[in-house]
Structures are given as C-alpha cells and as structure tokens.
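A short write-up of the structure that comes next.
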Amino acid sequence: AVACALRPDGHDGARTRTLLMVRRAVDELGLRAEEVLLGEVSEDSRSVGLGSFAEVLANVRVVVTAQPSRWEGDSRTWEALAAGAAVMTDPTWSLVDHPLEDGEHVLYFAVDSSEEAYVAFRDRLRRLLEDDEDAGWAMAQRGRAFALAHHRPVARMDTLLRRWVHAATGSPPASCAQSA
Numbered sequence: 266a267v268a269c270a271l272r273p274d275g276h277d278g279a280r281t282r283t284l285l286m287v288r289r290a291v292d293e294l295g296l297r298a299e300e301v302l303l304g305e306v307s308e309d310s311r312s313v314g315l316g317s318f319a320e321v322l323a324n325v326r327v328v329v330t331a332q333p334s335r336w337e338g339d340s341r342t343w344e345a346l347a348a349g350a351a352v353m354t355d356p357t358w359s360l361v362d363h364p365l366e367d368g369e370h371v372l373y374f375a376v377d378s379s380e381e382a383y384v385a386f387r388d389r390l391r392r393l394l395e396d397d398e399d400a401g402w403a404m405a406q407r408g409r410a411f412a413l414a415h416h417r418p419v420a421r422m423d424t425l426l427r428r429w430v431h432a433a434t435g436s437p438p439a440s441c442a443q444s445a
C-alpha cells in the first residue's frame, strides 16, 4: 500500500504538486483504491480517513511526502522512517548532521511540474512497489535504523550540545551521549 497524507499547500506548492504526482502515478500503475491513501491530515489531529496516522503507517509499504513550501521540516518523513516504511520525499537543503542518503535511507524525487520529473518519480515508485520486497524492505530498515540512531530528540540535543561546547572551548568533544 502507498500513503501520501499531505494537506495541499496552495495552487502550485510542493505538497500540492506531490499529491498530483502521486494521484497520476497511482492511476498509471493501476493501483486499487484500497491500496492507496491519498489526502490531507485533518487540521486538528494526525488522523485520516482510515484511522489514525500511526495505524496508517503500520499498514503501508511506501510513504510519499514533501516539505512544506515555506520552510523545511516534515515530521511525516521521520514518523514514516520510524515506522519502518519505505519513504519517498523531496530533498532538504538544510545542513544537518547525518543527512538521509538517496537510495540508502530514502528515495528522493524532484517536486517540479516537468514531465521528466514526474516520469522519474513514477518509475521510482513503480520499482518500490514491484520489487520482490527485498531492496525496498532493506532500504526501509536502513532508514529506520538510521533515523532512530541519529534523528531522535536525544540525538538532536547531543548535536546542539556538541556545537555549543565547540563554540565555547574550541575543541569538539566526543558525542555527549557517549561520554555520559
């Protein structure tokens, strides 16, 4: 199953374009309605038509998501990785320690209106769905392990503390979590 639980973000926003790409790909790939969850998350909670977002994550193989148009930071990416789904997302441009790698942890796609970008997106989604599950499953598991190791709140605080110590003393310490 495929889930893309994005709220449209205007006429030509990244999330709106992503939803349109997923809808088109789903039609072209011949996926049945019960295999696909498309649509926005309600404004007041993380619930969607089929139940809670957590329940959806437990029952999908692929999650397609995109950054909001006006900032970076998509919690759906991290939730899907933690749930063990294969994730397709647009790349982020913010510098972070331990960035997600294309093909290793997630599959990146370009969110633009070109036919070329759409075809590349559709073909990557098709490969994930038609895969004998080994490659997609392995990427999902690597993504989950990587996200849990490097992108939980404790790891983000560790990064902030290491940077603060480096700025204050000029010498970068070992990981704060490792030295505690």
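Numbering (the working numbering), first residue to last: 266 to 445.
C-beta atoms are modelled at their ideal positions from N, C-alpha and C, and glycine is treated no differently.
Boundaries (first-last residue) of the alpha helix (DSSP H) holding residue i
| i | result |
| --- | --- |
| Ala331 | It is not in any alpha helix (DSSP H) - Ala331 carries neither H nor E in the DSSP assignment. |
| Val321 | Phe318 to Ala323 |
| Arg409 | Asp399 to His415 |
| Ser340 | Ser340 to Ala348 |
| Trp421 | In the sequence as presented, Trp is not what sits at residue 421; that position holds Arg. Note, Arg421: alpha helix (DSSP H), Pro418 to Thr434. |
| Phe386 | Glu380 to Glu395 |
| Val291 | Ala279 to Leu294 |
Segment limits, beta strand (DSSP E) that includes residue i
| i | result |
| --- | --- |
| Leu303 | Val301 to Leu303 |
| Thr357 | From DSSP, Thr357 is part of no beta strand (DSSP E); its letter is neither H nor E. |
| Val267 | Val267 to Cys269 |
Local Cβ density within 10 Å of residue i, reported as buried at 16 or more and exposed below that
| i | result |
| --- | --- |
| Ala414 | exposed |
| Glu320 | exposed |
| Ser310 | Residue placement at Ser310 is poorly supported in this model, since its pLDDT is 49, which falls under 50; the coordinates still yield a value, given next. That one is exposed. |
| Gly368 | exposed |
| Thr434 | exposed |
| Gln332 | buried |
| Val301 | buried |
Distance CB(residue i)-CB(residue j) smaller than 9 Å
| i | j | result |
| --- | --- | --- |
| Arg389 | Leu372 | yes |
| Phe374 | Met286 | yes |
| Cys269 | Thr281 | no |
| Thr394 | Val325 | Looking at the sequence shown, residue 394 is not Thr but Leu. Not closer than 9 Å, so no. |
| Leu271 | Arg288 | no |
| Leu360 | Gly408 | no |
Integer-rounded CB distance, given that residue j should sit under 8 Å from residue i
| i | j | result |
| --- | --- | --- |
| Ala348 | Leu365 | The pair is not a contact, with the Cβ atoms about 15 Å apart (cut-off 8 Å). |
| Ala279 | Val376 | 5 Å |
Residue i: CB within 8 Å of a non-hydrogen atom of the ligand ZN
| i | result |
| --- | --- |
| Ala350 | Because no ligand of any kind appears in the structure shown, any question about the ligand ZN cannot be addressed here. |
* Cβ pair count under 8 Å reaching 3, the segment 340-358 against the segment 390-409 -> yes
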